[in-house]
Amino acid sequence: MLSSAARATAASGRHALGLAAATLRPPPVRAASALQQPSWHAVVLNYQQPVEGKDVGRHIGTEDSGTLCDLHAPTEVRMHDARGLVPQASLESMGFELRSWPTRVQDFKDDAEVRRVYYREMQELVRKATGCEKVFIFDHTVRESTVASLNNMNQAGAAAGSVARVHCDYTQDSAPRRFQQLLEQQREAQSDGARPLHVADYSGAEEQEEEAAELLASRRFAFVNVWRNIREEPLQTRPLAVCDPASVMEEERLRYRMVYPDREGENYALLPSPEHRWFYFPNMTRDECLVFKVYEKRTDMPRFVFHTAFDDPRTPQDAPPRASVECRAIAVYPRQRAPVFYDMIHSNNAARVRIWLRLKGLEPEDAVQSHLVTYADLQSPDYARLNPLKKVPAFMDEDGEGLFESQVIMEYLEDRYQ
Numbered sequence: 051m052l053s054s055a056a057r058a059t060a061a062s063g064r065h066a067l068g069l070a071a072a073t074l075r076p077p078p079v080r081a082a083s084a085l086q087q088p089s090w091h092a093v094v095l096n097y098q099q100p101v102e103g104k105d106v107g108r109h110i111g112t113e114d115s116g117t118l119c120d121l122h123a124p125t126e127v128r129m130h131d132a133r134g135l136v137p138q139a140s141l142e143s144m145g146f147e148l149r150s151w152p153t154r155v156q157d158f159k160d161d162a163e164v165r166r167v168y169y170r171e172m173q174e175l176v177r178k179a180t181g182c183e184k185v186f187i188f189d190h191t192v193r194e195s196t197v198a199s200l201n202n203m204n205q206a207g208a209a210a211g212s213v214a215r216v217h218c219d220y221t222q223d224s225a226p227r228r229f230q231q232l233l234e235q236q237r238e239a240q241s242d243g244a245r246p247l248h249v250a251d252y253s254g255a256e257e258q259e260e261e262a263a264e265l266l267a268s269r270r271f272a273f274v275n276v277w278r279n280i281r282e283e284p285l286q287t288r289p290l291a292v293c294d295p296a297s298v299m300e301e302e303r304l305r306y307r308m309v310y311p312d313r314e315g316e317n318y319a320l321l322p323s324p325e326h327r328w329f330y331f332p333n334m335t336r337d338e339c340l341v342f343k344v345y346e347k348r349t350d351m352p353r354f355v356f357h358t359a360f361d362d363p364r365t366p367q368d369a370p371p372r373a374s375v376e377c378r379a380i381a382v383y384p385r386q387r388a389p390v391f392y393d394m395i396h397s398n399n400a401a402r403v404r405i406w407l408r409l410k411g412l413e414p415e416d417a418v419q420s421h422l423v424t425y426a427d428l429q430s431p432d433y434a435r436l437n438p439l440k441k442v443p444a445f446m447d448e449d450g451e452g453l454f455e456s457q458v459i460m461e462y463l464e465d466r467y468q
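Have a look at this one:
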């Protein structure tokens, strides 16, 4: 992982050549994601309290075996007004953002209308927010603060309760596994005309089915939730809070097991920390959507946005109950070109990068392509356009950004392929 000094070195190396800074970001660290922190007030959130000798989790629709424990640790935190963030939060910077996106749905309890109208609206929103190429919509849940059960158990038109527990819907392992299950279900159901996955392809190419292994292995994908208040009045009861991923350390995440009668799922719970930075968008209207990532395949940007409903002490006593809908999507990004390493046999600096790639198992023509240059190539106009210094090594990342010092290249690679 890069130190802050190393990141500064990398950035200065790029700007010194008049190049734009790379869009890749370091893994989460305890550092502010925004330039200006907004106003805040104190609220209590339910974190997880581990119990010795038991796994964290709960049984859903099946008998409790006594092996799981779901004990909460009410903790006071600072809840910031996300509308006051400067600059505004975005999926790329903080893993969440607010979008104005009106809906034509009249009755969110009508599952057929939701699937027919709302899923297409959400496909367009997720595409716009992420820049992805394919959008898979696979589920939605209506939640009401007056309902006790947290799961509607797939009952048509039924609402579930709001989840007042800090969590993230997927883990490092469960998200790819869930995507694979959904793709397999889609393939098996096609012969019967069923559509477990509602797919929109924005690639412009002729529609063609990709193998599940290809999507999972070679494509970047993210699980994205879209949350909306579905009352006519602005939402004041049990709003949704999201945590800045940059304020969460990996060791604070706990695997949370969910045992169903026919399968077992897994998400993340969270241990409390005074370093966590929490945000919410007060008085969300029916035309606004909170879009946030619950899994991101890339490791160099916000990946897991923890979230929870919470009781806001500022809620008026006569405020109507909460009614909301959350739609779950998978965004699949365009195929990226492989990074290119420009190597030279007799260059010691290039050899340093070459050895690093071999030690990390990134052999040429694998995750990173290798291009061997000669002394004559260094003087060519084409190479000068690539690297104005006319030196090796040179490295072009997936976005076409260039790095030209061996130390900077290795530090970038350490972050990108840690």
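Mapping the sequence shown onto our numbering, position 114 (from 1) lands on 164, and the numbers just tick up by one. The beta carbon of each residue, even a glycine, is placed where N, CA and C say it ideally should be.
- For the region 100-174, the continuous beta strand (DSSP E) assignments of 3+ residues that do not extend past its boundaries occur at 105-109, 122-131, 146-150, in sequence order.
- Of the candidates N437, R364, K441, the residue whose Cα lies closest to the Cα of N399 is K441.
- Of all C-beta pairs linking the region 185-194 to the region 372-390, three or more are shorter than 8 Å, placing the two stretches in contact.
- Boundaries cannot be given for V423, as no alpha helix (DSSP H) includes it and DSSP labels it neither H nor E.
- Looking at the DSSP output, T191 shares a beta bridge with E376.
- DSSP places D432 inside the alpha helix (DSSP H), whose first and last residues are 431-436.
- Per the coordinates, the alpha-carbon of S297 lies some 43 Å from the alpha-carbon of D432.
- For H217, the beta-bridge partners assigned by DSSP are A319, H357.
- Note on geometry: alpha-carbon atoms of R281 and V418 lie some 50 Å from one another.
- Shortest Cα-Cα distance from Q98 to any of A208, F454, N317 involves N317.
- Within its own chain, the residues whose Cβ lies closer than 8 Å to the Cβ of H421, once the five positions on either side in sequence are excluded, are V390, F391, Y392, D393, listed in chain order.
- A contact is defined here as three or more CB-CB pairs under 8 Å, and the region 133-141 fails this definition with respect to the region 105-115.
- Between Y306 and V176, the C-beta spacing is not below 8 Å.
- Contact annotation: the region 283-296 touches the region 354-371, with at least three C-beta pairs closer than 8 Å.
- The beta carbon of G315 is closer than 7 Å to those of S224, M308 in its chain, skipping five residues each way along the sequence.
- Straight through space, the alpha carbons of F342 and W277 are spaced by roughly 8 Å.
- Put simply, the region 335-351 touches the region 268-277. At least three CB pairs are less than 8 Å apart.
- Taking C-beta separations shorter than 6 Å and ignoring five residues to either side along the sequence, the partners of L428 in its chain run K440, following chain order.
- Per DSSP, M460 lies in no beta strand (DSSP E) segment; the continuous alpha helix (DSSP H) that holds it begins and ends at 456-466.
- Under the criterion of beta carbons closer than 8 Å, M446 and V403 do not qualify as touching, at roughly 13 Å.
- Out of R154, V216, A162, E238, the CA that lies nearest to the CA of C293 is found in V216.
- By the Cβ-count criterion, Q173 is buried, with 16 or more other Cβ atoms from all chains shown falling within 10 Å of its own Cβ.
- Apart from the 5 residues on each side of it in sequence, F454 sits with its Cβ closer than 8 Å to the Cβ of G63, L67, N437, L439, K441, P443, A444, F445 in its chain, given in chain order.
- With a contact defined as Cβ atoms closer than 8 Å, A179 and E147 qualify at about 7 Å.
- If you look at F271, you'll find it isn't in any alpha helix (DSSP H); it sits in the beta strand (DSSP E) that goes 271-279.
- In this structure, the alpha-carbon of P384 lies about 8 Å from that of R270.
- When beta bridges are read from the DSSP output, W328 appears opposite M129, C293.
- DSSP, read as helix, strand or coil, puts Q230 in helix.
- Secondary structure note for L407: its alpha helix (DSSP H) is the uninterrupted segment 398-409.
- The Cβ-Cβ distance between F354 and C182 does not fall below 8 Å.
- The residue from L304, R166, L265 with its alpha-carbon nearest to that of Q156 is R166.
- Here N279 really is in contact with M334; their C-beta atoms are around 5 Å apart, less than 8 Å.
- DSSP places K184 within a strand segment (E or B) once states are collapsed to three.
- Judged by DSSP secondary structure, E346 falls within the beta strand (DSSP E) whose first and last residues are 338-346.
- Pairing L340 with L321 gives a Cβ-Cβ distance that is not under 8 Å.
- Membership of M308 in the beta strand (DSSP E) is indicated by the continuous run 303-309.
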